[in-house]
Every structure is written in structure tokens, then in C-alpha cells.
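Chains as they are written, first to last, in our numbering: chain A, 9 to 124; chain B, 11 to 122.
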């Protein structure tokens with residue numbers, strides 16, 4: 009079974025600086041999807057970024073980018089120019105590419121604090 | 011704006027009560043999911059459904075059941091609530107595996 013590990017329960021960063029959240033996963037599959045979700049205090053989970061494992065190019069969405077290292081099974085999230093609104097729980101998630109495999113497997117989460 | 015709606019934001023129930031958590035989506039998604047979220051444990055899958063009247067157990071189904079009589083509605087049932095079921099419950103739906111989920115805003119359930 010696939011597992012996802014986020015080894016940083018909490019992180020903090022100064023406003024306008026850059027922070028990287030770590031995620032590793034374990035799988036025997038060669039094709040899959042990886043996601044980062046953000047959960048602000050409102051509790052609404054929001055998709056931040058998505059990566060297909062068969063694509064070598066790292067995904068980017070505005071200030072958010074990933075460093076996808078397939079061989080190392082690592083999927084870190086970099087947030088540039090951190091803003092107060094980035095404060096939230098961040099979850100890394102894995103989804104199998106197999107037909108019929110629909111569930112997401114989540115990591116434990118990292119709580120990000122932005123210091124003004 | 012597409013939505014997943016959970017009927018209650020906060021809920022307090024007594025031990026032994028039968029509890030229904032309702033979730034409705036307006037996106038015509040085939041797949042729906044119930045997760046519970048606990049500090050330090052992330053999100054754990056309770057049950058999911060890939061079609062009307064179809065259901066599959068997730069990783070922690072004990073003490074729960076589900077119902078999906080209509081495509082848009084997926085209900086989580088706690089047959090006899092216990093204090094260890096105090097948690098945040100998140101419902102989600104999904105169109106296909108290449109996409110992520112759309113989540114509801116969660117129900118924080120306290121069992122006393």
C-alpha cells in the first residue's frame with residue numbers, strides 16, 4: 009500500500025520569504041499523481057498544485073512550485089514571496105494511476121505559520 | 011461555482027446515538043468520499059463510493075456505514091456514536107483519478 013510522509017509537523021517563515029515543505033511517498037507504481045492541498049482556518053481544503061509522475065517538468069502555479077524527484081520519491085512544495093494568506097495546514101497526497109483507483113492517500117500535514 | 015456541501019459545520023451528539031452526516035455535490039461527479047481528520051494523523055479514508063448504491067470500505071470503516079441512494083448525495087452513518095469518533099469529518103467528490111478532489115468544509119463532530 010502507498011504511504012505519504014510529511015516529516016515537518018510545523019514550519020514558520022517570515023512574510024515575503026521563501027519556504028519549502030517536504031513530502032516523501034512510498035509506492036511500487038511507475039505512474040501516479042501527486043497533489044498539494046491547503047487547509048486554511050476556514051477548513052476548506054483547496055487544491056494548490058498537481059503533478060503527473062510521467063511528466064518530468066515540475067509543476068508551477070504562480071508563487072507555488074514543486075520539486076519532484078521521482079527516483080527519490082520526493083515531492084516538496086516551494087512557496088515564494090510568502091503572504092499572510094498562505095498560513096494554513098498543507099497536505100501532500102498521492103493518487104494511483106491504476107484504472108479504478110480513486111482514493112487519495114494523504115500525509116500527516118504541515119502547519120505553516122507566516123510571521124509578519 | 012461548483013460545490014460540495016456538508017449539512018452541519020458543528021455537531022454534538024451523545025454516546026450511543028445514531029448519527030447521520032450528509033454530503034451533497036452539484037458537479038455530477040461519480041466518486042464520493044468520506045475522510046476523518048485528526049491532528050498528527052492527516053486524513054484517513056472511511057468509505058468511498060464510485061457509483062449510486064455502490065460503496066467500498068476505506069482504511070478505517072469500523073463503526074461507520076454509508077448510503078448513496080442518489081448520485082449527488084453521500085451519507086455517513088455512525089451506528090452507535092462513541093467518544094473515539096470525535097473528529098473532523100470531510101466529504102469530497104471527484105470526477106476522475108487525474109483530478110484532485112473537491113472538498114466540503116467539514117463537520118466537526120463531538121461525541122460526549
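Where is the CB? At the ideal position from N, CA and C, for every residue including glycine.
Here the structure is a predicted model, which is why all the values come from computation and not from measurement.
Within the same chain, show all residues whose beta-carbon is closer than 8 Å to that of residue i, passing over the 5 residues directly before and after it, in chain order.
i	result
residue 24(B)	91, 121, 122
residue 110(B)	104
residue 54(A)	45, 46, 47, 48
How many Å lie between residue i and residue j at the Cα?
i	j	result
residue 28(B)	residue 63(A)	47 Å
residue 91(A)	residue 79(B)	43 Å
residue 66(A)	residue 26(B)	49 Å
residue 82(B)	residue 32(B)	11 Å
residue 84(A)	residue 98(B)	26 Å
residue 70(A)	residue 28(A)	15 Å
residue 11(A)	residue 42(B)	21 Å
residue 30(B)	residue 80(A)	43 Å
Verify whether the separation of the beta carbon atoms of residue i and residue j is less than 9 Å.
i	j	result
residue 40(A)	residue 13(A)	no
residue 55(B)	residue 68(B)	yes
residue 112(A)	residue 18(A)	no
residue 57(B)	residue 76(B)	yes
residue 52(A)	residue 116(B)	yes
residue 96(B)	residue 13(B)	no
residue 45(B)	residue 100(B)	yes
Any heavy atom of the ligand PLP closer than 8 Å to the CB of residue i?
i	result
residue 15(A)	Inclusion of the ligand PLP in the displayed structure is not the case, the ligand content being empty and no account of it being possible.
Buried or exposed for residue i, please, with buried defined as at least 16 other CB atoms from any protein chain shown within 10 angstroms of its CB.
i	result
residue 118(A)	buried
residue 64(B)	exposed
residue 37(B)	exposed
residue 94(A)	buried
residue 93(B)	exposed
residue 84(B)	buried
Can you list, in chain order, the residues of its chain whose CB lies under 7 Å from that of residue i, leaving out five sequence neighbours each side?
i	result
residue 61(B)	40
residue 88(A)	26, 71
residue 60(A)	41
Would you list the residues sitting across from residue i in a DSSP beta bridge?
i	result
residue 74(A)	85(A)
residue 47(B)	53(B), 98(B)
residue 129(A)	As shown, chain A starts at 9 and ends at 124. That puts residue 129(A) outside it, with no answer to give.
residue 14(A)	Answer is none; residue 14(A) lacks a bridge partner.
residue 20(A)	121(A)
Residues in the same chain with beta-carbon distance under 6 Å from residue i, minus the five sequence neighbours each way, listed in chain order, please.
i	result
residue 25(A)	90
residue 82(A)	32
residue 22(B)	120
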